[in-house]
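Student: Numbering (our numbering), first residue to last: 6 to 120.
The beta-carbon is built from N, C-alpha and C at its ideal position, and this holds for glycine as well.
Just so we're clear, the structure is a prediction, and the values are computed from it rather than from any experiment.
Please find one structure pasted underneath; my questions will follow.
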């Protein structure tokens, strides 16, 4: 039960940090941003004390590590893939247009309105 209270307090601190941004609208932008950052830091600090918070934070750390291992395509690969997608879209659009025109012609022919 105490862990759930810690997580609720963590969410409350985060909400207070965000609310501080709007409550300090007459203050300098730096103060408003510091209010949000203080809320985030306090929220993470309280969440770190609960087991679920530790699991969530370790998940975020693992996600960051996994994102660093991603091999991004080169500029040439990106351009080639983009061109392939554009060509496929144009081909599919032409095909679907022909199918649509064919169905429209058949419906008019069946209904006796065709030429």
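Could you tell me the distance, in whole angstroms, from the CA atom of residue 90 to the CA atom of residue 73?
Tutor: As a first step, residue 90 must be located in the chain shown, where it is residue number 85. As a first step, residue 73 must be located in the chain shown, where it is residue number 68. Within the model, the alpha-carbon separation for residue 90 versus residue 73 is close to 27 Å.
Student: Note down, in chain order, each residue of its chain lying with its Cβ closer than 7 Å to the Cβ of residue 75, except the 5 sequence neighbours on either side.
Tutor: As a first step, residue 75 is located in the chain shown; it is residue number 70 there, counting from the start. Excluding sequence neighbours, residue 75 sits near nothing in its chain.
Student: Check whether the Cβ atoms of residue 44 and residue 12 sit closer than 8 Å, and answer yes or no.
Tutor: Here residue 44 is taken as the residue at index 39 of the chain shown, counted from 1. Here residue 12 is taken as the residue at index 7 of the chain shown, counted from 1. With respect to the 8 Å criterion, residue 44 and residue 12 are not classified as neighbours on the basis of their beta carbons.
Student: Could you spell out the range, first to last residue, of the alpha helix (DSSP H) harbouring residue 78?
Tutor: Here residue 78 refers to the residue found at position 73 of the chain shown. Residue 78 -> no alpha helix (DSSP H), and no H or E assigned at all.
Student: Count the other CB atoms within 10 Å of the CB of residue 117; is the residue buried (16 or more) or exposed (fewer)?
Tutor: Within the chain shown, numbered from 1, the residue matching residue 117 stands at position 112. Counting Cβ neighbours within 10 Å, residue 117 comes out exposed, since fewer than 16 surround it.
Student: On the CB-based measure, 16 or more other CB atoms within 10 Å of its CB, does residue 94 come out buried or exposed?
Tutor: Counted from its first residue, the chain shown places residue 94 at position 89. Answer is exposed; the Cβ neighbour count stays below 16.
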